[in-house]
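Undergrad: Which chain is which? The protein sequence lines are G and C, in order.
Take the first sequence: its position 225, counting from 1, is numbered 225 in the working numbering, and each next residue is one higher.
Take the second sequence: its position 54, counting from 1, is numbered 54 in the working numbering, and each next residue is one higher.
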Amino acid sequence: MKNNYDVLIIGGGPAGALAARTAAEKGLSACLVEKRPAIGAPVRCAEGIGKEALTGFIEPDPCWISAEMSGAVIVAPDGFEMSLESSMAGSKVGYILDRKVFDRELVWQAAEAGADVFVKTRASAPLIHEGRVKGAQLESCGNVTKVNADVVIAADGVESKFGKWCGIDTTVPVREIMSSVQYVMTDIDINPHATIFYLGNEIAPEGYLWVFPKGRRAANVGIGISGRKSGKGHRAKDYLDKFVKQKFPHGKTIECIVGGVSVCRPLDCTVADGLMLIGDAARVVDPLTGGGIYNAMYTGRLAAEVAADCIAKGDVSKKALMTYDKAWRASKMGKGIERNYLIKEYLIKQSDEKLNTIVHSVSKLDLKEFSTLMLIKELLKANPKLLVELGALAASLR
Amino acid sequence: MLKVHRDICGYCGCCVSVCPEGALELIDAYLSVEENCTSCGICAKVCPLGALEVVHEK
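(1) Suppose you measure from the CA of Q109 (chain G) to the CA of I358 (chain G); what does that come to, to the nearest Å?
(2) With W210 (chain G) and G222 (chain G) assumed to form a contact (beta carbons below 8 Å), what rounded beta-carbon distance in angstroms separates them?
(3) Put M297 (chain G) into one of helix, strand or coil per three-state DSSP.
(4) Going by DSSP in three states, L375 (chain G) sits in which element: helix, strand or coil?
(5) Is N340 (chain G) buried or exposed, if buried means 16 or more other CB atoms sit within 10 Å of its CB?
(6) Helix, strand or coil, according to DSSP, for D366 (chain G) in the structure here?
(7) Taking Cβ-Cβ distances below 7 Å as the criterion, which residues of the stretch 171–197 of chain G are in contact with chain C?
(8) Please confirm if A236 (chain G) has its CB atom under 7 Å from at least one CB of chain C.
(9) Does the beta-carbon of E81 (chain G) have 16 or more other beta-carbons within 10 angstroms, so that it is buried, or is it exposed?
(10) Using a Cβ cut-off of 7 Å, pull out every chain G residue sitting near E25 (chain C), in sequence order please.
(11) With a threshold of 8 Å on Cβ separation, who are the neighbours of D28 (chain C) within its own chain once the five nearest residues in sequence on each side are excluded?
(12) Any beta-carbon of chain C closer than 7 Å to the one on K164 (chain G)?
(13) For R228 (chain G) and G259 (chain G), I'd like the C-alpha separation in whole angstroms.
(14) Look up P14 (chain G) in the DSSP assignment and say whether it is helix, strand or coil.
(15) Alpha carbon to alpha carbon, how far is C63 (chain G) from F118 (chain G)?
(16) How about G207 (chain G) and G231 (chain G): do their beta carbons lie closer than 7 Å?
(17) With the cut-off set at 7 Å, would you say E47 (chain G) and G12 (chain G) are in Cβ contact?
(18) By how many angstroms is the C-alpha of V285 (chain G) removed from the C-alpha of I337 (chain G)?
(19) Excluding sequence positions up to five away, which residues of its chain have a Cβ less than 6 Å from the Cβ of S32 (chain C)?
(20) Given that a residue counts as buried once 16 or more other Cβ atoms are within 10 Å of its Cβ, and exposed if not, what is C15 (chain C)?
(21) Here's the rule: buried if 16 or more other CB atoms are within 10 angstroms of the residue's CB, otherwise exposed. What is S17 (chain C)?
(22) Which one of G:Q350, G:L127, G:L373 has the shortest CA to CA distance from K335 (chain G)?
(23) What's the gap between the Cα of S70 (chain G) and the Cα of F102 (chain G)?
(24) Report all residues from its chain with a CB closer than 6 Å to the CB of D98 (chain G); omit the five preceding and five following residues, and keep chain order.
(25) Using CA atoms only, rank isn't needed, just tell me which of G:H193, G:R235, G:F197, G:D238 is closest to R217 (chain G).
(26) What residues from chain G crowd round D28 (chain C), counting only those whose CB sits closer than 9 Å?
(27) By DSSP, does F212 (chain G) sit in helix, in strand, or in coil?
(28) Taking only beta-carbon atoms, is L49 (chain C) less than 7 Å away from chain G?
(29) Between C12 (chain C) and chain G, is any beta-carbon pair separated by less than 7 Å?
(30) Taking the straight line between their C-alpha atoms, what separation do you get for L277 (chain G) and D268 (chain G)?
(31) Which residues, taken in chain order from the stretch 253–268 of chain G, show a beta carbon closer than 8 Å to some beta carbon of chain C?
(32) Quick one: measure Cβ to Cβ for D189 (chain G) and V7 (chain G), integer angstroms, because I've assumed they're closer than 8 Å.
(33) Please list, in chain order, all residues of the same chain as F212 (chain G) whose beta carbon is under 7 Å from its beta carbon, the five residues on each side excluded.
(34) Mapping the DSSP letters down to three states, classify P60 (chain G) as helix, strand or coil.
(35) Along chain G, in chain order, which residues have C-beta atoms closer than 8 Å to that of V18 (chain C)?
(36) Apart from the five residues on each side of it in sequence, which residues of its chain come closer than 8 Å, Cβ to Cβ, to G167 (chain G)?
In structure tokens, the structure reads:
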């Protein structure tokens with residue numbers, strides 16, 4: 001490890017890996033540190049990603065794709081199923097990844113591009129000089145070192161602390177943390193090519209329960225519920241156990257994963273002097289789906305591109321780095337987050353009866369473009385009354 | 001004070017994200033609680049497994 005880098009990236013998930021790879025490709029000296037002893041583990045993810053979203057960053061490889069999806073099913077609180085398919089017959093719409101291998105591949109690519117990588121190495125404090133972030137104090141197996149960097153990129157995930165240490169409030173409101181548990185289950189009867197989403201206040205209050213296939217008879221079976229609905233006797237695990245007992249009584253659980261997913265609006269500002277926040281640390285998870293892999297890779301790459309520009313110009317002030325903040329907010333991703341935030345806020349307030357009505361309006365949808373936006377547009381066509389309820393938001397969806 | 005039931009904790013960091021004091025930190029498979037913890041109990045509420053408990057000392 002050197003004492004000085006152009007860019008220091010904290011966290012080795014998809015956000016950090018894309019930032020490191022991009023920075024190295026741009027000719028910067030880049031260092032990525034991961035506090036855990038292994039890249040990719042433990043998994044904190046349902047592992048789903050859209051086809052287009054993935055291919056913008058990496059060529060799909062069977063080594064880290066667990067299953068290919070051709071459709072999805074939304075299950076209403078009363079059990080009614082709405083089936084979503086692509087209007088392009090037989091086409092793949094998304095993937096369920098094997099994040100342990102996927103994350104490793106991304107970091108591998110960053111390393112091959114020239115980035116330094118260190119595992120079991122934790123940033124324990126920022127280096128701040130005259131109010132500017134200048135690097136980080138790193139701890140690894142008892143050794144403490146100080147590493148200087150022109151720009152520090154915090155990619156430290158949902159449990160991010162680095163931004164907070166630098167004065168950025170990253171606290172997620174209780175009602176906007178999805179308290180989540182997931183079992184990797186085998187020996188279960190499933191449709192291996194469709195993701196299933198179960199809705200309902202009895203099933204997953206202010207969240208949803210998912211079955212994402214990982215193979216012919218295996219799936220990620222998980223749940224996220226609002227933090228404000230969580231408590232003793234009614235935690236995410238209690239809801240999931242109840243569902244599994246009923247639905248997959250003979251299935252075997254080979255992995256138990258827990259986590260928190262933020263479904264709040266992104267941070268008010270994702271940069272400071274010498275500092276950029278990306279991925280889950282910037283709270284850029286899609287608030288409607290809870291999906292964050294694409295947004296992590298997108299902000300990771302964008303942050304490194306802007307950092308390279310700013311370093312070349314010799315100005316890494318907050319003002320200069322704001323180019324990144326403005327760009328992601330104006331992007332399709334940024335606009336999608338805002339739109340989906342408002343839709344999520346509407347949906348979590350609805351009763352099971354109302355959710356039933358919405359899902360019952362269509363039993364099968366062939367979507368031209370397999371996206372939440374297209375789904376919402378179709379649901380609005382089938383439920384014209386929603387246009388009135390959504391008010392100003394509806395106009396942006398037509 | 002906040003008690004971490006380490007045999008239950010899944011070291012996921014859900015609690016860290018909601019702590020208004022920044023008093024929790026996830027260090028790989030170890031959740032640390034710093035002195036500025038106010039025992040507000042928000043973390044105990046959101047924990048997916050119920051690994052955190054606010055214990056009132058007598």
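Built from N, CA and C at the ideal position, the CB exists for glycine as well.
The model shown is predicted, which means the values in this text are computed figures rather than measured ones.
TA: According to the structure data:
(1) Cα-Cα distance, rounded: 44 Å.
(2) Between the beta-carbon of W210 (chain G) and that of G222 (chain G) there is about 5 Å, and that keeps the pair under the 8 Å contact cut.
(3) Here DSSP, grouped into helix, strand and coil, assigns M297 (chain G) to helix.
(4) helix
(5) When all chains shown are included, N340 (chain G) counts as buried.
(6) strand
(7) For the stretch 171–197 of chain G, residues whose beta-carbon sits nearer than 7 Å to a beta-carbon of chain C comprise T171, V172, V174, I177, S179, S180, V181.
(8) Closer than 7 Å: yes.
(9) exposed
(10) Chain G residues near E25 (chain C): K161.
(11) Y11
(12) yes
(13) 15 Å
(14) helix
(15) 23 Å
(16) no
(17) no
(18) 8 Å
(19) E25
(20) buried
(21) buried
(22) Comparing C-alpha distances from K335 (chain G) to each of G:Q350, G:L127, G:L373 shows the shortest one belongs to G:L373.
(23) Taking the straight line joining both Cα atoms gives about 21 Å.
(24) Closer than 6 Å at Cβ, skipping near neighbours: W64, S66.
(25) G:H193
(26) K35, R36, P37, K120, R122
(27) F212 (chain G) falls in the strand class under three-state DSSP.
(28) At a cut-off of 7 Å between beta carbons, L49 (chain C) contacts chain G.
(29) yes
(30) The alpha-carbon atoms of L277 (chain G) and D268 (chain G) are separated by roughly 11 Å.
(31) For chain C, the residues of the stretch 253–268 of chain G that bring a beta carbon within less than 8 Å of one of its beta carbons are C256, I257, V258, G259, G260, S262, in chain order.
(32) Not really, about 48 Å apart at Cβ, beyond 8 Å.
(33) Correct list, in chain order: A46, E47, G48, I96, T195, A219, N220.
(34) P60 (chain G) carries a coil assignment under DSSP once its states are collapsed to helix, strand and coil.
(35) T171, V172, P173, V174, I177, G227, G260
(36) A272
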